[in-house]
Each structure stands twice: as structure tokens, then as C-alpha cells.
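Counting from 1 along the sequence shown, just add 41 to a position and that's the residue number in this note's numbering. All C-beta atoms, glycine included, are put in the ideal place defined by N, C-alpha and C.
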Amino acid sequence: MLHNNNLKTFFLFPQKLIFEEIAEVLVSEQNEAFVLNNHVEFRDALKIFNENSIAFINIDSVLTESQWIEYIRDIRNDSHFSRIRIGILSFNNDQRLIDVYLNELKIDCGYHLLSRRTKKYEEDIRRIVGNYRDKFGNKILRLDFDQTDPVNYEIKIRGQILTGRIDALSSAAMSLTLTHEKLLSPALELNEITLIYRDLNCRLIGTVIGNSKLNKKQFIIKFQKLFEDFHQKTLFNIIFTVLNNRLKELVR
């Protein structure tokens with residue numbers, strides 16, 4: 042499930058540089074980020090999360106200039122989207138078009154000129170998302186798991202390999218339940234943790250910081266920032282992918 046109360050940031054038809062750079066950065070900063078490449082499903086998603094969403098729309102893709110203006114005008118005039126904050130992404134620096142979005146449609150989150158030479162657009166988007174996140178009082182981005190779409194783990198410890206499914210995951214920690222709780226203990230360092238989600242896997246280093254108050258067999262493992270940058274990026278990618286797969290289930 043997705044937590045309804047947290048701020049959600051949506052990107053419609055994002056350019057490749059947006060998908061690869063900004064989404065990962067937002068997740069690393071505890072934001073829920075989503076990418077959609079279907080403007081009908083995009084509207085469905087915004088209806089579900091009307092109360093707490095920012096939508097950045099790439100107007101250089103799929104539709105014509107006039108179609109995008111009408112599409113966004115319809116969203117602005119529809120009561121189902123009354124709380125949605127909209128920003129525009131484009132390489133088009135035509136001042137006439139910029140004025141249409143800023144002055145006529147009165148979008149909330151700016152017209153962001155994309156450039157391959159500068160990343161000002163990235164800084165602006167992070168700032169906007171950060172400001173709204175603070176208003177919503179977002180808590181840490183944490184994913185809870187059931188049996189339907191699990192993230193699995195492998196942990197090498199004392200000559201054994203523990204395997205199973207994690208209970209919860211964030212960019213800072215994870216929790217898991219063991220049948221034989223004596224295998225783990227507080228302050229124990231785990232130097233070989235592998236997380237596996239579909240075709241993604243990353244290797245992490247962590248420390249057991251204790252048991253759950255509600256379940257003594259559930260352990261919380263805090264990640265250390267000693268693992269390679271590649272694996273840290275993969276962890277963010279796992280979180281991002283899980284979020285987006287859950288969204289797909291909602292808008293089908």
C-alpha cells in the first residue's frame with residue numbers, strides 16, 4: 042500500500058535525464074516519487090492523491106502544444122484536482138508559451154526550462170518538493186511488505202546464510218522477522234547483506250539496533266554508509282521501483 046498522507050511527486054512523460062537523476066535524488070531525500078507515461082492513468086493517479094500531490098508535466102512529449110494547454114486547463118478546472126500543484130518541464134523557452142502557463146493557467150510550481158548544460162531545474166524542483174514536504178510534515182519514507190510483492194534478503198553470518206523476506210524498508214534501515222531470534226543480537230555488525238527485488242539487487246552493510254517492541258523476533262537493522270555508491274543507488278532504485286509498481290496496481 043501507499044501511505045495517503047505523505048506528499049507525492051508525479052512526473053508525466055519525463056525526459057530521460059529527469060527519470061535518471063531527479064527521481065533518484067528525491068527518493069534519497071525521503072520523498073515519494075512516481076513516473077507515468079500514460080496521461081489517462083496520470084489523471085487517475087492524481088484523483089486518488091488529490092490532497093497531497095505535486096505534478097510535473099513534460100509538455101515536449103506525445104501531445105501537441107495546444108493539446109497540452111487544454112489538458113492542463115481541464116485539470117485546473119476540474120474539482121477532482123483542486124488541490125493538485127502543477128509544474129511544467131520543457132526545453133521550449135518561448136516566452137508566449139511560458140506566459141500562458143504562468144499567467145493564464147496559473148500553475149503553482151513553475152515553468153522549468155530544461156538544459157543539458159545546467160541543472161538549475163533540478164535544484165528548483167528539489168526546493169519546491171522540499172517546501173511542500175515540510176508543510177505536510179512527511180515522515181521517513183518507509184515501505185511495508187506483505188507476501189504479494191516481496192523484497193528478499195540474504196545475510197551471511199557466522200558461517201550461515203539467512204534468507205527470507207523483509208517486513209519493512211527505508212533508505213536508512215530495514216526490519217525482518219526470524220524464527221530463531223538468537224541468531225541476531227543488538228550491536229551485531231552485518232557486513233554482507235544482499236537485498237533482492239525482482240531483477241534488482243544490492244549489497245549493504247548494517248548493524249542490528251534492536252528488536253521491535255511488539256515482536257521480539259522482529260529485528261531492525263540500520264544501514265551504514267560504507268557500501269559502494271552503486272549499491273546505494275540501487276537501494277534507492279528498489280524503493281522507487283516498489284513505489285511505482287504499487288501505483289500501477291492502483292490505476293489499472
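- Query: Measuring CA to CA, which of Thr204, Ile181, Gly151 and Ile261 is closest to Ile98?
  - Reply: Looking at the Cα atoms, Gly151 is the closest of the given residues.
- Query: How far does the beta strand (DSSP E) with Val76 in it reach, from first residue to last?
  - Reply: Glu73 to Leu77 is the extent of the beta strand (DSSP E) around Val76.
- Query: Where does Tyr153 land, buried or exposed, given buried means 16+ other C-beta within 10 angstroms?
  - Reply: For clarity, residue 153 is His in the given sequence; the question names Tyr instead. The Cβ neighbour count for His153, taken over all protein chains shown within 10 Å, is at least 16; the residue is labelled buried.
- Message: Whole angstroms are fine: how far does the CA of Ile196 sit from the CA of Gln108?
- Response: Linking Gln108 to Ile196 through their CA atoms gives a straight-line distance of about 52 Å.
- By how many angstroms is the C-alpha of Glu70 removed from the C-alpha of Pro191? Straight-line Cα distance between these residues: approximately 23 Å.
- Task: Pull up the distance between the alpha-carbon of Leu225 and that of Ile148, whole angstroms please.
- Result: For the pair Leu225 and Ile148, the Cα-to-Cα distance works out to about 52 Å.
- Message: Looking at Thr248: is its Cβ nearer than 8 Å to the Cβ of Asn242?
- Response: It is not a contact, given that the beta carbons lie outside the stated cut-off.
- Task: Please state whether DSSP places His300 in a helix, a strand or coil.
- Result: Residue coverage of the chain in this structure runs from 42 to 293, which leaves residue 300 outside it and unanswerable.
- Query: What whole-angstrom Cβ distance do Ile125 and Ile100 have, given they're in contact under 8 Å?
  - Reply: Incorrect: roughly 16 Å between the Cβ atoms, too far for contact.
- Glu73 classed as buried or exposed, judged by whether at least 16 other C-beta atoms fall within 10 angstroms: With 16 or more Cβ atoms within 10 Å of its Cβ, Glu73 is classed as buried.
- Query: Hey, quick one: how far does the beta strand (DSSP E) through Val249 stretch, first residue to last?
  - Reply: Boundaries of the beta strand (DSSP E) around Val249: Leu241 to Asn252.
- Message: My assumption, with CB atoms under 8 Å, is that Phe51 sits in contact with Ser94. Please give the rounded CB distance.
- Response: Rounded, the Cβ-Cβ distance is 6 Å, consistent with contact.
- His272 versus Lys266 - alpha carbon distance: Rounded to whole angstroms, His272 to Lys266 spans 10 Å at the Cα level.
- Task: Quick one: residues in its chain with C-beta nearer than 6 Å to the C-beta of Asp85, no 5 flanking neighbours on either side, listed in chain order?
- Result: Cβ within range, chain order: Val292.
- Message: Quick check: the Cα distance between Thr300 and Phe132, rounded to an integer number of angstroms?
- Response: In this structure the chain extends from 42 to 293, so residue 300 is not present and cannot be described.
- Task: Within the same chain, show all residues whose beta-carbon is closer than 6 Å to that of Thr204, passing over the 5 residues directly before and after it, in chain order.
- Result: Only Glu195 meet the Cβ criterion.
- Can the beta-carbon of Phe281 be found closer than 8 Å to that of Ala64? Cβ distance < 8 Å, so Phe281 and Ala64 count as in contact.
- Message: If you follow the alpha helix (DSSP H) that Leu143 is in, where does it begin and where does it stop?
- Response: Run containing Leu143: none; DSSP gives neither H nor E here.
- Item | Classification of Ser216 by the beta-carbon crowding that lies within 10 angstroms, buried from 16 upward | Ser216 is buried by the Cβ-count criterion.
- With 16 as the cutoff for other CB atoms within 10 Å, does Ile113 come out buried or exposed? Counting the other CB atoms within 10 Å of its CB gives Ile113 a total of 16 or more, which places it among the buried residues.
- Item | Opposing strand residues paired with Glu230 [DSSP bridges] | Glu230 pairs with Thr248.
- Task: Could you check what DSSP says for Gly200 in three-state terms: helix, strand or coil?
- Result: Assigned with DSSP and collapsed to three states, Gly200 falls in coil, not helix or strand.
- Query: My guess is that Glu163 and Glu62 are in contact by the Cβ rule of under 8 Å, so how many angstroms apart are they, rounded?
  - Reply: Their Cβ separation, rounded to whole angstroms, is 6 Å, which keeps Glu163 and Glu62 in contact under 8 Å.
- Among the residues of its own chain, which have a CB less than 7 Å from the CB of Arg117, if the five just before and after it don't count? If we look at Arg117 and ignore the five residues flanking it on each side, its Cβ neighbours are Leu146.
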